[in-house]
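Numbering (this note's numbering), first residue to last: -18 to 157.
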């Protein structure tokens, strides 16, 4: 039954007092949210904590969801802001700060290309990493990313261009 309900239908059920309906939204988006947050912090435990906090904030704010964007975009924005607040509040390093910039990649034949690309993405500046994850891993459109990051679409395009350039530079430096 959950598979046939739209986000709007589920949100309406939550609004009608069906607390368990929110669990459907959590199940639907938990991997997306975790991936976004995991891209911002290295610790799996921190990413899980932040994800949980983001869903809790979304639940509490659901009555204020105005449907100006999709629920997914709205939830991503909450998760992104929750992660930024968590990083600042707990003074934990972001994923980009934890990685040694000159540490060589293991480009042996036994390591899949996907792993190499993921390690390169982990080396990106945080703002570039997030935009790559949102666009290429979560398939968000420019407009949706702009809503998540609370910036103009033009800024999204520029950041994505710069992120791809940085990724290309890293590829040439470490993976070739």
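Here a beta-carbon is modelled for each residue, glycine too, at the ideal position from N, C-alpha and C.
Query: Please name the residue, chosen from 23, 39, 146 and 108, that lies closest to residue 10 on a Cα-to-Cα basis.; Result: 39
Query: Alpha carbon to alpha carbon, how far is residue 107 from residue 65? Give it in angstroms, no decimals.; Result: 10 Å
Query: Rounded to whole angstroms, what is the Cα-Cα separation between residue -10 and residue 50?; Result: 15 Å
Query: Whose CA, out of 153, 133, 121 and 144, lies closest to the CA of residue 57?; Result: 121
Query: Excluding the five sequence neighbours on either side, which residues of its own chain have a C-beta within less than 7 Å of the C-beta of residue 153, listed in chain order?; Result: none
Query: Taking the C-alpha atoms as reference points, what is the distance between residue 115 and residue 16?; Result: 9 Å
Query: Quick one: give me the first and last residue of the alpha helix (DSSP H) that residue 151 is part of.; Result: 134 to 151
Query: Using 7 Å as the threshold, is the C-beta distance between residue 36 and residue -12 below it?; Result: no
Query: Quick one, which of 130, 60 and 41 has its alpha-carbon nearest residue 30's?; Result: 60
Query: Within 7 Å (strictly less), CB to CB, does residue 59 reach chain B?; Result: This model lacks chain B altogether, as it is built from one protein chain only.
Query: Please report how far the alpha carbon of residue -4 lies from the alpha carbon of residue 129, in whole angstroms.; Result: 23 Å
Query: Hey, out of 18, 97, 123 and 62, whose CA is closest to residue 140's CA?; Result: 123
Query: On the three-state DSSP scale, how would you describe residue 155?; Result: helix
Query: Candidates 48, 26 and 32: which alpha carbon is nearest residue -8's?; Result: 48
Query: Just reading off the alpha helix (DSSP H) that residue 170 is part of, what are its end residues?; Result: This structure cannot settle anything about residue 170, because the visible part of the chain is limited to -18 through 157.
Query: What number of angstroms, rounded off, separates the C-alpha of residue 41 from the C-alpha of residue 0?; Result: 11 Å
Query: Would you give the residue range spanned by the alpha helix (DSSP H) that residue -5 belongs to?; Result: -12 to -4
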